[in-house]
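If you want the numbering used here, it's the position in the sequence shown, counting the first as 1, plus 256. We treat Cβ as the ideally placed atom computed from N, Cα and C, and that holds for glycine. Written out below as structure tokens is the structure these notes cover.
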Amino acid sequence: MVAPFVLAIGALFTALPAQALYKVVGPDGKITYTDRLTGSAGGKVTPLGATGSAATESAALPPELQKAVERYPVTLFITVDCAPCDNARAMLRQRGIPHNEKIVQSGDDADALQRLTGTRDVPTLLIGVQAVPGFAPESWNGYLNAAGYPGESRLPAGYEFAAPMPLRAKVETAAPAPPTPIDVPAAPPLRNANGIRF
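If you want it as structure tokens, here you go:
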């Protein structure tokens, strides 16, 4: 029963290549996440990994782990004070899965999570482009195995996991500047044809 499940998961991962994602901050401060790079004028573009997080360095990892990390990067989406999220983090760390953690803190974050993963549920595990909502250790292990991650930790001694980061960077918006007074020259007084001033 487990073999068909693992084969199906493996087929899914080979059929879904990792996509490039970009974070675009427009001149007005509006943040957009997209998989298509357009010729946007004046926006700051940050390439993201397929996980929606900045691409990570994996050169110090053992080759079998490095290959999985580069091909199917892992991101864990969590909230604060969430026991299933803590259990999910503990499982990934015990198994030695390098991952990024993104904290969902607001309704806008939940909307961004929906766009990235197709769900608003936390914890959600993103392996490459495959989202796995809800913490289910057997299911998560099946997906991680299919992605080529080792069954037990192969992390080098002293490896430090990335600190959790907000899902969306906070945009500092300055208060609008008061309008600048414009000096308008006074119009000359109106006169009629008889020279009478109004």
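*Tell me, please, which residues DSSP counts as bridged to A387.*
L382
*Go ahead and pull the three-state DSSP assignment for K456.*
Residue 456 lies beyond the residue range present for the chain, which begins at 257 and ends at 454; the question has no answer from this structure.
*For A366 versus R376, is the C-beta distance shorter than 8 Å?*
yes
*asked:* For L317 and L382, I'd like the C-alpha separation in whole angstroms.
replied: 20 Å
*Just the C-alpha distance for T335 and D342, rounded to the nearest angstrom, thanks.*
9 Å
*Helix, strand or coil for P340 per DSSP?*
helix
*Roughly how many angstroms separate the alpha carbons of G374 and P319, rounded to a whole number?*
31 Å
*Taking the C-alpha atoms as reference points, what is the distance between D284 and G398?*
43 Å
*Reference Y328, options H355, A344, D337, P420, closest by Cα*: H355
_Using only the alpha-carbon positions, how far apart do P422 and R410 sit?_
28 Å
*For E313, is the classification buried or exposed, using 16 other Cβ atoms within 10 angstroms of its Cβ as the cut-off for buried?*
Confidence is the limiting factor: at E313 the pLDDT is only 45, short of 50, which leaves the residue's position unreliable and the question unanswerable from this model.
_Let's test the definition: count the other Cβ atoms within 10 Å of the Cβ of K358 and tell me whether it reaches 16, buried, or not, exposed._
buried
*asked:* Quick check: the Cα distance between T331 and M347, rounded to an integer number of angstroms?
replied: 13 Å
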